[in-house]
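With positions in the sequence shown counted from 1, the corresponding number in my numbering is that position plus 65.
Idealized CB from N, CA, C, for every residue including glycine.
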Amino acid sequence: MPDIVLDTLFNNPNLNKVVYPGFVDDFNAADGTLDVTTDGKPWIFQRSGSGVNPVWSRSDGAARMEAGAFRSSAVVESGSSDGILTHTIRSAGTNNGGGVVFRSVDGANYWVLQWRDTGSDDYYALKKLVEGTTTAVEGGATTVSNTDGDVVSIEFIGTDITVSVNGGEPIITLTGQTDFLTAEKHGLYSSTTSKDFSERWESIEFVAV
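Next comes the structure, spelled out in structure tokens:
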């Protein structure tokens, strides 16, 4: 009797798709609303408190916020609260507004790395947003200036957080940080409102560990 060859390829829409932790977006899809990452995960727009709903978009191969309330974010449900979040700055802009968030519970509670600390100081600073209020973190301020093109990595594993720029030694090292430990949303941040929305993000990637 000849061998029986079975076609094992099938497409059952009732089967759950496997979703792996992490995400990546190079923002090279067509210009328009920031909808899904390069690997197909949806972007979620958040805001702190009342105000205009944020609108995030892709433009010329970069992400930007084009409208929104004070302290707005665009995050991805990553599937992991621990990992390395890396992003590249195309333009830090002129309004001290850009950065990234990680371990976001919602629009009012998360960690944020700001590209500019306060006023005209072009210094990286790590802070927390707690119930909509920005809270300084001991050891989170730096005197390290941002530069367009910087590649910034934040590693957060358990209660430890480190921040490095362009593969160099950490500019921020924190231990014993217990806030938002189980939150799995990470992404983009802007405190700009009613200004020129000049901040641009070249790319972002989260690798779960």
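Inter-residue spacing [alpha-carbon to alpha-carbon] between residue i and residue j
i: residue 140; j: residue 127; result: 15 angstroms
i: residue 155; j: residue 262; result: 13 angstroms
i: residue 227; j: residue 138; result: 21 angstroms
i: residue 152; j: residue 206; result: 19 angstroms
i: residue 247; j: residue 148; result: 12 angstroms
i: residue 105; j: residue 150; result: 17 angstroms
i: residue 250; j: residue 133; result: 19 angstroms
i: residue 259; j: residue 86; result: Low local confidence applies: a pLDDT of 48 at residue 259 is under 50, so the model's placement there is unreliable, with the coordinate-based value given in what follows. Between residue 259 and residue 86, the C-alpha separation is close to 35 angstroms.
i: residue 159; j: residue 222; result: 32 angstroms
i: residue 233; j: residue 109; result: 31 angstroms
i: residue 117; j: residue 257; result: 12 angstroms
i: residue 230; j: residue 266; result: 15 angstroms
i: residue 142; j: residue 208; result: 32 angstroms
i: residue 100; j: residue 129; result: 13 angstroms
i: residue 107; j: residue 268; result: 15 angstroms
Residue span of the beta strand (DSSP E) that contains residue i, given as start and end
i: residue 197; result: No beta strand (DSSP E) holds residue 197; DSSP gives it neither H nor E.
i: residue 99; result: No beta strand (DSSP E) holds residue 99; DSSP gives it neither H nor E.
i: residue 110; result: 108 to 112
i: residue 94; result: Run containing residue 94: none; DSSP gives neither H nor E here.
i: residue 141; result: 137 to 142
i: residue 273; result: 265 to 273
i: residue 174; result: 174 to 179
i: residue 218; result: 216 to 222
Local conformation of residue i per DSSP, three classes
i: residue 189; result: strand
i: residue 127; result: strand
i: residue 84; result: coil
i: residue 151; result: strand
i: residue 167; result: strand
i: residue 116; result: coil
i: residue 158; result: coil
i: residue 145; result: coil
i: residue 19; result: Residue 19 is absent from the model: the chain starts at 66 and stops at 274.
i: residue 212; result: coil
i: residue 105; result: coil
i: residue 134; result: coil
8 angstroms Cβ cutoff met for residue i and residue j
i: residue 166; j: residue 254; result: yes
i: residue 211; j: residue 189; result: yes
i: residue 163; j: residue 180; result: yes
i: residue 123; j: residue 96; result: yes
i: residue 197; j: residue 224; result: no
i: residue 102; j: residue 89; result: yes
i: residue 191; j: residue 113; result: no
i: residue 91; j: residue 157; result: no
i: residue 168; j: residue 245; result: yes
i: residue 111; j: residue 171; result: yes
i: residue 306; j: residue 178; result: Beyond the ends of the chain as shown, which are 66 and 274, falls residue 306; an answer cannot be given.
i: residue 115; j: residue 273; result: no
Next on the checklist: Report the start-end ranges of each beta strand (DSSP E) in the region 226 to 252 that is 3 residues or longer and not cut off at the edges.
Outcome noted: 237 to 239
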